[in-house]
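Novice: Following the numbering used here, the numbering of the sequence shown begins with 1 at its first residue and continues without gaps.
For each residue, glycine too, the CB sits at the ideal point set by N, CA and C.
Structure incoming, see below.
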Amino acid sequence: MRNEYDVVVIGAGSIGVPLSYFLGKKGFKSLVIDSKASPGQGSNKAAIGGIRATHSSPAKIIIGLKSLDIFRNWEQETGDDIEYYQGGYAFITYQEEDRKSLKELIKFQQQFGLKIDFYEKDEILKIIPALNSEGLLGGTYSPEDGSASPLLSIESFYKNARKYGVEFRFNEKVESFNTKDGKIESVKTDRGTYYGKIFVNAAGGDAARVADLAGVKIPVMPDSHEGGVTEPVSRFVEPMIVDIKPEKGSKNFYFYQHKTGQIIFCLTPDPPIWGDDTRETSSFLPLVARRMVKVMPKLHYIRVRRTWRGLYPMTPDGNPIVGYKGYSNFFQLVGMCGQGFMLGPGLGYYISEYLEGKKYEEIETILKEFDPDRKFEAEELLK
Ligand SMILES: Cc1cc2nc3c(=O)[nH]c(=O)nc-3n(C[C@H](O)[C@H](O)[C@H](O)COP(=O)(O)OP(=O)(O)OC[C@H]3O[C@@H](n4cnc5c(N)ncnc54)[C@H](O)[C@@H]3O)c2cc1C
Numbered sequence: 001m002r003n004e005y006d007v008v009v010i011g012a013g014s015i016g017v018p019l020s021y022f023l024g025k026k027g028f029k030s031l032v033i034d035s036k037a038s039p040g041q042g043s044n045k046a047a048i049g050g051i052r053a054t055h056s057s058p059a060k061i062i063i064g065l066k067s068l069d070i071f072r073n074w075e076q077e078t079g080d081d082i083e084y085y086q087g088g089y090a091f092i093t094y095q096e097e098d099r100k101s102l103k104e105l106i107k108f109q110q111q112f113g114l115k116i117d118f119y120e121k122d123e124i125l126k127i128i129p130a131l132n133s134e135g136l137l138g139g140t141y142s143p144e145d146g147s148a149s150p151l152l153s154i155e156s157f158y159k160n161a162r163k164y165g166v167e168f169r170f171n172e173k174v175e176s177f178n179t180k181d182g183k184i185e186s187v188k189t190d191r192g193t194y195y196g197k198i199f200v201n202a203a204g205g206d207a208a209r210v211a212d213l214a215g216v217k218i219p220v221m222p223d224s225h226e227g228g229v230t231e232p233v234s235r236f237v238e239p240m241i242v243d244i245k246p247e248k249g250s251k252n253f254y255f256y257q258h259k260t261g262q263i264i265f266c267l268t269p270d271p272p273i274w275g276d277d278t279r280e281t282s283s284f285l286p287l288v289a290r291r292m293v294k295v296m297p298k299l300h301y302i303r304v305r306r307t308w309r310g311l312y313p314m315t316p317d318g319n320p321i322v323g324y325k326g327y328s329n330f331f332q333l334v335g336m337c338g339q340g341f342m343l344g345p346g347l348g349y350y351i352s353e354y355l356e357g358k359k360y361e362e363i364e365t366i367l368k369e370f371d372p373d374r375k376f377e378a379e380e381l382l383k
């Protein structure tokens with residue numbers, strides 16, 4: 001007997017697992033295939049857990065708002081604690097030009113009803129007293145953004161997807177596609193062949209390689225970023241703090257205090273480190289620690305427990321790729337860059353609606369902005 005599914009999802013990561021949850025909830029017969037041993041073993045487990053709706057593009061704002069809604073209500077809906085914490089986000093600035101661009105961006109964000117404002121130095125210090133006040137010009141603060149544990153979240157999405165009948169196959173690598181009459185008919189792994197009506201590429205940093213197996217070209221290139229975590233301490237900082245000022249060796253960096261007390265941090269290397277090497281470097285911690293202590297001197301007293309390195313599945317314009325490409329039933333849900341964890345649930349929700357045949361304004365905005373055939377010219381401001 002053939003293994004037949006409505007939807008076959010390739011990749012049990014930040015994107016594939018929440019999507020499968022919503023597909024399962026709608027009654028689709030779905031299969032998720034991953035080459036690794038359990039859900040979230042790709043980039044998902046490297047994410048530090050930031051979730052925001054305060055983006056600079058309409059589609060990301062729409063998805064971000066939906067994701068926040070899902071994360072916020074998750075425990076109530078499923079009974080699972082994913083360590084969601086609504087501490088907000090703050091983009092702080094020590095440079096006049098950043099202050100100007102953040103103020104400009106806020107006007108756009110407020111049009112979407114996002115709760116965000118710019119706070120001058122004295123006001124932002126009331127919100128984040130531990131900030132270094134020397135040279136501080138102020139910052140944005142959006143109290144409705146937050147954070148959650150990427151590990152607990154994916155585990156819970158996985159568990160609940162299975163409750164709705166979604167099947168998962170781990171330790172199986174997708175190796176080829178069989179096509180017929182302009183459609184993908186089945187996917188072949190090293191252990192079996194699976195037939196489906198729709199195939200979703202959610203392969204993260206490997207998305208271009210997976211698409212290529214069907215002869216489809218998509219511009220997703222992984223680059224590596226490192227993160228780290230400290231010992232837990234009593235709460236002393238509420239929002240995720242993002243410093244967008246570039247310095248030698250790095251662009252922005254960001255950190256927050258997790259619900260359980262640890263400071264979790266990350267940095268964008270400059271120049272980018274292309275490729276899929278995930279071995280930690282010895283240069284990351286001294287670089288990020290220096291920058292963090294500069295903006296928040298108190299951090300000097302907290303011990304770092306561990307660092308790690310993972311991949312951002314990057315696209316040329318820093319925006320995801322969402323839509324059919326190459327074959328009328330080959331859906332791309334890829335190129336999440338540094339935001340796949342926060343986009344996953346919202347995107348999963350809207351795309352499950354779309355695959356069910358629905359099309360409304362939010363879905364149209366997402367499909368238009370993230371069209372696989374766009375020119376990739378614009379660059380997202382806060383990617
Ligand atoms: C240090 C760091 C910090 C980050 N912090 C944040 C953050 O705070 N907030 C945020 O939103 N994002 C963050 N990110 C980004 C986020 O981790 C990624 O955008 C996201 O995980 C990508 O999701 P994905 O589902 O596309 O890929 P993944 O989660 O990597 O899932 C893809 C899956 O596809 C599988 N796969 C690939 N090829 C095949 C194949 N041939 N056959 C079968 N399976 C296959 C892989 O094994 C993998 O499990 C961070 C990333 C890093 C590295």
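1. Any idea what DSSP makes of Asp206, helix, strand or coil?
2. If you count every other CB in all the chains shown that lies within 10 Å of the CB of Ala211, and 16 or more means buried, which is it?
3. Distance cutoff 9 Å, beta carbons only. Does Arg291 sit that close to anything in chain B?
4. Quick one: any contact between the stretch 324–344 and the stretch 30–41, if contact means 3 or more CB pairs under 8 Å?
5. Which same chain residues end up closer than 7 Å to Asp270 when comparing Cβ atoms and leaving out the 5 residues on each side of it in sequence?
6. Look up Ser250 in the DSSP assignment and give the residues it is bridged to.
7. So the candidates are Ile106, Gln109, Leu105 and Arg99; which of them puts its Cα closest to the Cα of Lys121?
8. To which residues does DSSP link Pro313 through a beta bridge?
9. Rounded to a whole number of angstroms, what is the C-alpha to C-alpha distance between Lys383 and Lys29?
10. When you compare each of Val7, Tyr349, Tyr354 and Phe341 to Glu155 by their alpha carbons, which one comes out closest?
11. Between Ser14 and Met336, which are expected to be in contact by the criterion C-beta below 8 Å, what is the C-beta distance as a whole number of angstroms?
12. Any idea what DSSP makes of Arg99, helix, strand or coil?
13. Between which residues of its own chain and Arg305 is the CB-CB distance below 7 Å, once the five residues before and five after are set aside?
14. Is Thr189 near ligand 1, judged by its Cβ being under 8 Å from some heavy atom?
15. Compare the beta carbon distance of Pro239 and Gly49 with 9 Å and say whether it is the shorter of the two.
16. In three-state terms, what does DSSP make of Ala378?
Specialist: A quick look at the data gives this:
1. helix
2. buried
3. Included in the structure is just one protein chain, with no chain B present.
4. no
5. Pro246, Gly249, Ser250 and Lys251
6. Glu247 and Pro269
7. Arg99
8. Pro222
9. The predicted model places Lys383 with a pLDDT of 48, which falls under 50 and marks its position as unreliable, so this point remains unresolved.
10. Phe341
11. 7 Å
12. helix
13. Val229, Thr230 and Glu231
14. yes
15. no
16. coil
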